[in-house]
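S.K.: Have a look at the structure that comes next, please.
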Amino acid sequence: MSVYQIAVLPGDGIGPEVTREAERAILAAADEFSFEVKLEHWPIGGTALDQFDTPFPDATRDACLAADAVFLGAIGGPKWDHETGSRRCEAALLSLRKALGGYANLRPVIVPESLVESSPLRAERVAGTDLLIVRELTGGIYFGTPRSSTEEKASNAMVYSRGEIERIVRIAFDLARKRRGRLTSVDKANVLEVSQLWRSVVTEIHNAEFSDIELEHLYIDNAAIQLILRPSQFDVIVTGNLFGDILSDLAGTLPGSLGILPSASIGGKVGLFEPVHGSAPDIVGKGYANPAGALLSAVMLLQMLGEMEASARIQHGVVKALEDGILTYDLGGTASTLEFSNAVLEHAFTISTTTV
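Listed below in structure tokens is the structure:
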């Protein structure tokens, strides 16, 4: 029997609420498909700051590095917004990513037929959307040096090495090969030297290793426009840190709520899985939180562990719950966090829906 150690970081706000439902699904899958998961909880973010005077305790870091996977709920909130420097909740997330070394952030965006009317765009425009954004996560302008700031002037450097581009692009090409065989690379090569290198490396790798994949290059401004005009044209999108940050958030609006979107950060020592929504402190404890993003992040986690049947079963449960109109408040429905999760588990495993 396979045994997996999962470090669970519930975090702040609604993080513990949605994480709890993901754990229920993972445990149900383990029971159904005869593998074992050991879930250990560790503090991060504001909760850790209150308890240990740091948003990213050493014990949490060590537990994450020793795990087979890390599951994160959400971090931060108004209570800690005054903190600065290494005490900021966001600093904990950056430190976590750095420790794990995951350089490829994967954000699938699917608009199922059951949610086309929930989108802020016209139904016929978003129908059929099924795309994956592959964002380089550890380089680019967020980490480039030199950087400086004074009262009169500030600067940041967008820096990428050939090696950094090659590794993220190979992951994107591999994923495109497993999907529908199309890759869109996004840059700003008409004005940025760093993007000119990016485009050159992408083209070289395509010609040498992935000529069977259909490749197109788009400038970031056109890519953003096309993402709104006709999102269903995209299969896999690969881009740098800054542009990926923008496009993934923009694409996240297509289904009508960030609450249903999962993510994974891979390529390093341990994979990190988390819903893309924030901590939503205004709805904590009300049962309004949408657990779909957390449940689908659990799907990605199980895929990474190689438990493909288990992951497919949970994904099926989410799709069926949405098709049945079991919608949480963010999607215009009335289902509570627990009610949605129960519906997913009933479709996935036909198990008891009592609270775990």
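Reminder that position 203 of the sequence shown reads as 217 in the numbering used here, one-by-one numbering, no gaps.
Idealized CB from N, CA, C, for every residue including glycine.
Just how far apart, CA to CA, sit F187 and I147?
M.R.: For the pair F187 and I147, the Cα-to-Cα distance works out to about 12 Å.
S.K.: If you run the structure through DSSP and keep just helix, strand and coil, what is L345?
M.R.: The three-state reading of DSSP puts L345 in helix, counting H, G and I together.
S.K.: Evaluate the contact criterion for the stretch 62 to 69 versus the stretch 124 to 142: three or more CB pairs, one atom per stretch, below 8 Å.
M.R.: no
S.K.: Is DSSP giving K52 helix, strand or coil here?
M.R.: strand
S.K.: Considering just the uninterrupted stretch of the beta strand (DSSP E) at F85, what are its terminal residues?
M.R.: A83 to A88
S.K.: What's the C-alpha gap between G154 and S48?
M.R.: 42 Å
S.K.: Tell me where the alpha helix (DSSP H) around N170 begins and ends.
M.R.: Where N170 is concerned, there is no enclosing alpha helix (DSSP H), given that its DSSP letter is neither H nor E.
S.K.: Can you list, in chain order, the stretches of the alpha helix (DSSP H) that have 4 or more residues and sit fully within the stretch 264 to 329?
M.R.: 306 to 319
S.K.: Look at the alpha carbon of V332 and the alpha carbon of L120, and state the distance between them as a whole number of angstroms.
M.R.: C-alpha separation (whole angstroms): 19 Å.
S.K.: What distance in whole Å lies between the Cβ atoms of Y302 and T267, which are believed to be in contact at a cut-off of 8 Å?
M.R.: With 8 Å as the limit, T267 and Y302 do not qualify as a contact, their Cβ atoms being about 19 Å apart.
S.K.: Out of H231, G281 and E104, point me to the one whose CA is closest to G116's CA.
M.R.: Selected option, being the one with the closest Cα: G281.
S.K.: Taking Cβ to Cβ, would you say L79 is nearer than 8 Å to W56?
M.R.: no
S.K.: Would you call the CB atoms of V51 and V284 closer than 8 Å?
M.R.: no
S.K.: On the DSSP letters alone, give me the boundaries of the alpha helix (DSSP H) that L33 sits inside.
M.R.: Per the sequence presented here, residue 33 reads as Thr, with Leu not at that position. That run of the alpha helix (DSSP H) goes G29 to F47.
S.K.: Suppose you measure from the CA of V14 to the CA of T159; what does that come to, to the nearest Å?
M.R.: Because the chain here runs from 15 to 370, residue 14 falls outside it and cannot be looked at.
S.K.: In this structure, does DSSP put A141 in helix, strand or coil?
M.R.: coil
S.K.: Using 8 Å as the threshold, is the C-beta distance between A42 and L310 below it?
M.R.: no
S.K.: Give me the DSSP bridge partner(s) of H231.
M.R.: S199
S.K.: For I297 and G27, I'd like the C-alpha separation in whole angstroms.
M.R.: Within the model, the alpha-carbon separation for I297 versus G27 is close to 8 Å.
S.K.: Taking C-beta to C-beta, are P305 and T351 nearer than 8 Å?
M.R.: yes
S.K.: Taking the C-alpha atoms as reference points, what is the distance between G292 and A88?
M.R.: 6 Å
S.K.: Have a look at V32, P269 and A36 and flag the residue whose alpha-carbon is nearest the alpha-carbon of S325.
M.R.: Looking at V32, P269 and A36, the one whose alpha-carbon comes closest to that of S325 is A36.
S.K.: To the nearest angstrom, how far is the alpha carbon of A39 from that of G273?
M.R.: 17 Å
S.K.: Once you ignore the five residues that flank A77 on each side, which residues in its own chain have a CB closer than 7 Å to its CB?
M.R.: A21, E54 and W56
S.K.: Which same chain residues, not among the five before or five after T253, have their C-beta less than 6 Å away from its C-beta?
M.R.: The answer, listed in chain order, is V200.
S.K.: Y18: which of Q317, K112, A349 and A308 sits nearest, CA to CA?
M.R.: Q317
S.K.: Please list, in chain order, all residues of the same chain as S16 whose beta carbon is under 6 Å from its beta carbon, the five residues on each side excluded.
M.R.: F49
S.K.: When the Cα atoms are used, what is the spatial distance from A294 to G195?
M.R.: C-alpha separation (whole angstroms): 37 Å.
S.K.: Give a yes or no on contact between the stretch 217 to 224 and the stretch 176 to 184, applying the rule of three or more CB pairs nearer than 8 Å.
M.R.: yes
S.K.: Along the chain, where does the beta strand (DSSP E) that runs through G177 open and close?
M.R.: That residue, G177, is in no beta strand (DSSP E); its alpha helix (DSSP H) goes R176 to K192.
S.K.: Any idea which residues DSSP pairs G253 with across the strands?
M.R.: Looking at the sequence shown, residue 253 is not Gly but Thr. Paired residues: R149 and V200.
S.K.: Return no unless some Cβ of chain B is closer than 8 Å to the Cβ of V205.
M.R.: Reference to chain B is not applicable here, since this structure consists of a single protein chain.
S.K.: Just checking my contact of S133 with P269 at CB under 8 Å: how many whole Å lie between their CB atoms?
M.R.: 6 Å
S.K.: Straight-line CA distance for L229 to Y156?
M.R.: 27 Å
S.K.: Would you give the residue range spanned by the beta strand (DSSP E) that L23 belongs to?
M.R.: V17 to G25
S.K.: Could you check what DSSP says for I260 in three-state terms: helix, strand or coil?
M.R.: I260 sits in a helix when the DSSP states are folded into three classes.
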